[in-house]
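Heads up, the thing below is written out as structure tokens.
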Amino acid sequence: MELGMELSELTLESFNRYCVPGPDLKLPARDVLGVKTGAKYDPAEFVSVRKFRFGTAGFTQHTRGGHHFVFLGSQADKLDLRLKTNCWVDSVRCNYPVVIPRATTRRATHGSSFDLALADRMLTVALRERPNEPHLHALFLDDRDKDKAAAFLSRRGVSYERVHPELFPKLALSNAAQCYQWIMRLDDIRPLRERALAFSQKLLVLPRKDAKTARTRKIVSLENELDVVMAHMAIVEAIRVDDAYTLLAIAIIFGYLTLDPNKRLAPMEMLSLIQEADHGY
């Protein structure tokens, strides 16, 4: 079945138009390119962080039950912050091997039968056109691997893009880092998904200080600063304040709540949310 959209139209910035928020896909053991999925995928199989004795390299928490994120360089670390809190992404695999069979029928005796390109991150999303099917979207931090893999990925129905984390808005990175800080103690946030949904529904019915309507979008500011609101929600839910912040972050990550991209998410700042008519919740 052909897609109604062009693969080149799908980018991190267009996920909100083409993808399902908060996808909950059942993944096969191997994806369409034959690579393992879920916890069985090893991001260090083709790239070892241990050989990078200097510079920015390391591991960060996955938070959705998979292996740790592996980052090489500050740009990958910035990218991961956006991906960990992206409500359109079901799963992320780091250092993903794209195995490209060579087209020649005659090969040298000791020659390899394939080429290997490395996608810095392979995302699994659900397209609105096929909401129950996993779709792969590859992210590259350099042109060399992207150019090598491009034709092969397109033939297999995998979208891809070259990303530039150095151009990410500082406010978006700050808000993503704040969300990650509230969930980084958890190995897997998925078991808390239903609680986060219920939490978000109670949060959205709190009194509002201001409301502006523009077409299908309404920007809502709550009466109080974030720390005051979370203290109130902790009482409502009979939980610790720290747990209220955790549920807030999970609700944002699964798309139950959408932050105003022009406002900072932080204590002593007003909690400003966008409620979208087509969000599906």
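Numbering follows our numbering, with no gaps: position 11 of the sequence shown is 11.
For each residue, glycine too, the CB sits at the ideal point set by N, CA and C.
Same chain, Cβ closer than 6 Å to T104, five either side skipped, listed in chain order: With a pLDDT of 46 at T104, under the threshold of 50, the predicted position of this residue should be treated as unreliable, and no value is reported.
Nearest residue (CA-CA) to A119, options V92, L127 and E129: The shortest C-alpha separation from A119 is found at V92.
Three or more C-beta pairs below 8 Å linking the stretch 169 to 176 and the stretch 124 to 137: Segments in contact, no.
Exposed unless 16 or more other CB atoms sit within 10 angstroms - verdict on K26: Classification for K26: exposed.
Within 9 Å, strictly: CB atoms of L273 and L204: Taking 9 Å as the cut-off, the Cβ atoms of L273 and L204 count as close.
Extent of the continuous alpha helix (DSSP H) to which V229 belongs: Taken as a continuous stretch (DSSP letters only), the alpha helix (DSSP H) holding V229 covers L226 to E237.
The stretch 154 to 162 / the stretch 80 to 87 touching (three or more Cβ pairs under 8 Å): Cβ pair count under 8 Å is below three, so no.
Span of the beta strand (DSSP E), counted from its first residue to its last, around V241: In the DSSP annotation of this structure, V241 is not part of any beta strand (DSSP E); the continuous alpha helix (DSSP H) holding it starts and ends at V241 to I253.
Outcome for A231 when other beta-carbon atoms lying within 10 angstroms are tallied against a minimum of 16: By the beta-carbon neighbour count (other beta carbons within 10 angstroms, threshold 16), A231 is exposed.
According to DSSP, residues forming a beta bridge with A126: Bridge partners of A126: P134.
C-alpha distance - P191 paired with E45, whole-angstrom precision: Between P191 and E45, the C-alpha separation is close to 28 Å.
Enclosing beta strand (DSSP E) for C94 [first to last residue]: In the DSSP assignment, C94 falls within the beta strand (DSSP E) that extends over V89 to P101.
For Y160, the three-state DSSP class (helix, strand or coil): Reduced to three states, the DSSP call for Y160 is strand.
Per-residue burial, P261 [other beta carbons within 10 Å of its own, 16 or more giving buried]: With a threshold of 16 other beta carbon atoms within 10 Å, P261 falls short and is exposed.
Closest by C-alpha distance to P97, when choosing among A176, A149 and S174: Considering only alpha carbons, the answer is A149.
Residues near D143 by beta carbon distance below 7 Å, same chain, minus five either side: Only residues of its own chain outside the window of five on either side were considered, and among them R162 have a CB closer than 7 Å to the CB of D143, listed in chain order.
Proximal residues to K301 (C-beta, below 6 Å), its chain only, five neighbours per side dropped: A question about residue 301 goes unanswered here, because the residues of the chain that appear run from 1 up to 281.
Beta-bridge partners of D31, as assigned by DSSP: Paired residue(s): none; D31 is not in a bridge.
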